[in-house]
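This report concerns only the one structure given below.
Chains as they are written, first to last, in our numbering: chain H, 1 to 445; chain Z, 1001 to 1445.
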């Protein structure tokens, strides 16, 4: 992999939205060292959530990202297509107890795990998704299987195969298609691992009762702290003031981050994207977030008649914010213009933080990883040269931090990074953006 | 209401997609009679599905559309906002045994009813949706309640209120919020009403068994007929050939049409849209279609900084086709250009039938109703004149037929119409489009 100069020189754009108070642009330094270890080309970029990553657990976050990259690259090196590689990365991310996905997910109000996941194939443009799914270790496997089954044509009686299943029906479909339910004892193990999260839920209930008692003698409740970024949140209006409790001390350093995801380009230039989430802690049972929703959680689209670039996007953060802005698809559309870095920054500023669909929100919390690729000649003047795959990769977030990892099939190991907003920047109102470019050479035959 | 000249003169556009073989453009004749019955202004357009409406049941389809319009107008005349009026129309449509929504819904593979519904408010841009919901008579009521609760601010512990709930969780939430579960015996009544549909399901199973036996002696299965439009479908490939059965005789004239919906503008110029569906007959339990999905089933957006027109859209047809094209939002975006008729036609041709996301489909089946409005003076030279509300309304479909009704608050009764593709046009490959314009005068004080 040859790391080229970063996507742009240091460039701080004027704020286009009154909500944007600071813009941090960090540009990767170019690398010149060339490695040629794998026989296949391909690239993966993963994230372990946009939210708040404590320094004390940074090692674990990076480690799971590294392993997820390696799993995807192993698949690519074995000749797998992008969808299989992205699924392999997601399974590794879901299996970590440090991520909010799979069996490490946040618990809902009933103390249960309900997961959302989806996958999109840039080649076929097919999509598979599950929502509010319980009892399956790797929700992304079910989403991928829905995608695969959808490509086989119509079902009996001319019925169109489903691309999105939820709840008990999704569980039954998975089991009917050979995806095993969690083995006996697995749920118990997960429960133990999540015990602290359950205790959190119980503490919230206790706090609520105490708060109601306090409220009888004092109309003003205590201050709300944002569960995602830890900063003080705007006080609610009187209609719900009685429900306000202090969550900062409970949530901070809890390790309960958000959605995980990955984007991949394979040796044929196909792109794929996937996303998986346990959703908000203490969510209402049956709540489905962006990770299951078309256009919101992930997007992948190979180059076509109207799309000069292949693009893949995966999102993380506050589900409702990502849904209302259909952010994954919005990013993909924007990336068809020449300057990927500028396009993504403007999208995060104008279509996310500045979105009229989130005008009433006091902070807009989310992050994206994006990848775009096109075939080109490394040295155009040499017409005999084999075309190479130019891959631009970026991550951007409005949350305090975002943990990412990336690797090409020609690399020895993955690189990982925890991206943070600069000191003084306000989460929900500022954008951090970083990324790089690599040129993947044709595989040795 | 003063009916003006239709949106355009008869105008047959050249096909822009190779899949489009015929375009029918029917233009409403202008009306000059002016009625002033109501004291409030407002307009509603409803549909009872894009699919196949038999002549023998035309009266019933039209009647339910008429009643739905009247319910919405009664609300508007009482001063209700667009969201309440559109909900009233949907409840009437859901309660009809002739529509595929609410308790008249298609049954899934287990003989159960599972409904999808959603609503969007153009003023707040808020959205509420339910998916795979059982046991509630009017799913749209739950979607509307989710929308209303979402506008009240954050829940306890700083949690963002859900906008999309599915399955058992959605049912519990509804009951917790005072929406009654179906009364005892109601399910039985619904079951009896749907008995013929269940028999259809059982016959399909029997046919499948017989077909497998026949297949053992003959590799070629019988021909697939499209369940939505009744026309012969492209033969499936060998991988699923054994599942092919003739459905035409079973589905034709079955009265099991698709999604219902409505779009409304109220006296303040706010728009709202809603949609409700029982989904595909014999769908897999847990399958969620476009009626629950943001951007796919409905869209409403008041005029704003970047949107000169207020727009509202509701879709119907093959859920997966409407999801992949995010058709409701696509139509809304297109309607911001000057010529609404042309914009909608091009969207149906290029972004639906010609969509790269449906390139592998042999027919693209769907329909939309759209409304757009803006404030203007009836006679601009008279600066003293009160501004009026100019409402353009259109329906367009690629299915055999679509049943619509429309009414203004100043009308005595609703108009209804079953729009059909012209003879010889192929469903799934051709577009029909019709509509009109009305100018709503300011209410008498």
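Where a beta carbon is used, it is the ideal one built from N, C-alpha and C, also for glycine. Quick caveat, the model's predicted, so the values are computed rather than measured.
Checking 8 Å against the spacing of the C-beta atoms, do residue i and residue j come in under that value?
{"i": "residue 331 (chain H)", "j": "residue 118 (chain H)", "result": "no"}
{"i": "residue 1261 (chain Z)", "j": "residue 1417 (chain Z)", "result": "no"}
{"i": "residue 1358 (chain Z)", "j": "residue 1315 (chain Z)", "result": "no"}
{"i": "residue 1286 (chain Z)", "j": "residue 155 (chain H)", "result": "no"}
{"i": "residue 1353 (chain Z)", "j": "residue 1396 (chain Z)", "result": "no"}
{"i": "residue 1425 (chain Z)", "j": "residue 1278 (chain Z)", "result": "no"}
{"i": "residue 1092 (chain Z)", "j": "residue 1129 (chain Z)", "result": "no"}
{"i": "residue 1388 (chain Z)", "j": "residue 1403 (chain Z)", "result": "no"}
{"i": "residue 1344 (chain Z)", "j": "residue 1335 (chain Z)", "result": "yes"}
{"i": "residue 356 (chain H)", "j": "residue 1304 (chain Z)", "result": "yes"}
{"i": "residue 90 (chain H)", "j": "residue 1159 (chain Z)", "result": "no"}
{"i": "residue 289 (chain H)", "j": "residue 1167 (chain Z)", "result": "no"}
{"i": "residue 82 (chain H)", "j": "residue 313 (chain H)", "result": "no"}
{"i": "residue 1365 (chain Z)", "j": "residue 1300 (chain Z)", "result": "no"}
{"i": "residue 45 (chain H)", "j": "residue 406 (chain H)", "result": "yes"}
{"i": "residue 1103 (chain Z)", "j": "residue 1273 (chain Z)", "result": "no"}
{"i": "residue 179 (chain H)", "j": "residue 142 (chain H)", "result": "yes"}
{"i": "residue 1125 (chain Z)", "j": "residue 1284 (chain Z)", "result": "no"}
{"i": "residue 1099 (chain Z)", "j": "residue 1064 (chain Z)", "result": "yes"}
{"i": "residue 419 (chain H)", "j": "residue 401 (chain H)", "result": "yes"}
{"i": "residue 1271 (chain Z)", "j": "residue 1302 (chain Z)", "result": "yes"}
{"i": "residue 163 (chain H)", "j": "residue 127 (chain H)", "result": "yes"}
Mind pulling the chain H residues with CB within less than 8 Å of residue i?
{"i": "residue 1352 (chain Z)", "result": "Residues of chain H passing the Cβ test: none, with the nearest at roughly 14 Å."}
{"i": "residue 1125 (chain Z)", "result": "324, 356, 357 and 359"}
{"i": "residue 1168 (chain Z)", "result": "167, 168, 285 and 286"}
Out of the options, which has the shortest C-alpha to C-alpha gap to residue i?
{"i": "residue 1340 (chain Z)", "options": "Z:1315, Z:1168, Z:1376 and Z:1309", "result": "Z:1309"}
{"i": "residue 1176 (chain Z)", "options": "Z:1153, Z:1160, Z:1149 and Z:1159", "result": "Z:1149"}
{"i": "residue 436 (chain H)", "options": "H:412, H:403, H:399 and H:391", "result": "H:391"}
{"i": "residue 447 (chain H)", "options": "H:409, H:106, H:182 and H:140", "result": "A query on residue 447 (chain H) cannot be resolved here, the shown segment of chain H reaching from 1 to 445 and no further."}
{"i": "residue 292 (chain H)", "options": "H:368, H:132 and H:122", "result": "H:132"}
{"i": "residue 1275 (chain Z)", "options": "Z:1043, Z:1049 and Z:1041", "result": "Z:1049"}
{"i": "residue 346 (chain H)", "options": "H:374, H:398, H:73 and H:87", "result": "H:398"}
{"i": "residue 429 (chain H)", "options": "H:349, H:107, H:77 and H:112", "result": "H:349"}
{"i": "residue 1367 (chain Z)", "options": "Z:1394, Z:1210, Z:1075 and Z:1059", "result": "Z:1394"}
{"i": "residue 1169 (chain Z)", "options": "H:112, H:163 and H:173", "result": "H:112"}
{"i": "residue 477 (chain H)", "options": "H:280, H:342 and H:96", "result": "In the structure as shown, chain H starts at 1 and stops at 445, and residue 477 (chain H) therefore has no counterpart that could be examined."}
{"i": "residue 73 (chain H)", "options": "H:414, H:431 and H:438", "result": "H:414"}
Is residue i buried or exposed, if buried means 16 or more other CB atoms sit within 10 Å of its CB?
{"i": "residue 360 (chain H)", "result": "exposed"}
{"i": "residue 266 (chain H)", "result": "buried"}
{"i": "residue 1320 (chain Z)", "result": "buried"}
{"i": "residue 147 (chain H)", "result": "buried"}
{"i": "residue 56 (chain H)", "result": "exposed"}
{"i": "residue 14 (chain H)", "result": "Since pLDDT at residue 14 (chain H) reaches only 35, below the 50 mark, its modelled position is unreliable, and the value read off the structure follows with that caveat. Classification for residue 14 (chain H): exposed."}
{"i": "residue 1411 (chain Z)", "result": "buried"}
{"i": "residue 1440 (chain Z)", "result": "buried"}
{"i": "residue 53 (chain H)", "result": "buried"}
{"i": "residue 423 (chain H)", "result": "exposed"}
Who are the neighbours of residue i on chain Z, taking C-beta pairs under 7 Å?
{"i": "residue 172 (chain H)", "result": "1285"}
{"i": "residue 265 (chain H)", "result": "Simply none; closest approach about 19 Å."}
{"i": "residue 145 (chain H)", "result": "Simply none; closest approach about 13 Å."}
{"i": "residue 308 (chain H)", "result": "Those within 7 Å of residue 308 (chain H) in chain Z number zero; the least Cβ separation is about 14 Å."}
Less than 7 Å between the CB of residue i and some heavy atom of the ligand SAH, yes or no?
{"i": "residue 1348 (chain Z)", "result": "Absent from the structure shown: the ligand SAH. Ligands present: none."}
Quick one: what's residue i bridged to in DSSP?
{"i": "residue 1127 (chain Z)", "result": "Z:1120"}
{"i": "residue 1423 (chain Z)", "result": "None, per the DSSP bridge assignment."}
{"i": "residue 1398 (chain Z)", "result": "Answer is none; residue 1398 (chain Z) lacks a bridge partner."}
{"i": "residue 1341 (chain Z)", "result": "In the DSSP output, where bridge partners are listed per residue, residue 1341 (chain Z) has none listed."}
{"i": "residue 1274 (chain Z)", "result": "Z:1119 and Z:1262"}
{"i": "residue 1299 (chain Z)", "result": "Z:1313"}
{"i": "residue 103 (chain H)", "result": "Note: residue 103 (chain H) sits in no beta bridge, so no partner."}
{"i": "residue 170 (chain H)", "result": "Answer by DSSP bridge pairing: none, since residue 170 (chain H) is not bridged."}
{"i": "residue 434 (chain H)", "result": "H:395"}
{"i": "residue 373 (chain H)", "result": "H:310 and H:391"}
{"i": "residue 418 (chain H)", "result": "H:403"}
Given that residue i touches chain H, what residues does it touch there, using C-beta distances under 7 Å?
{"i": "residue 1293 (chain Z)", "result": "293 and 294"}
{"i": "residue 1132 (chain Z)", "result": "166, 167 and 169"}
{"i": "residue 1320 (chain Z)", "result": "160 and 163"}
{"i": "residue 1304 (chain Z)", "result": "356"}
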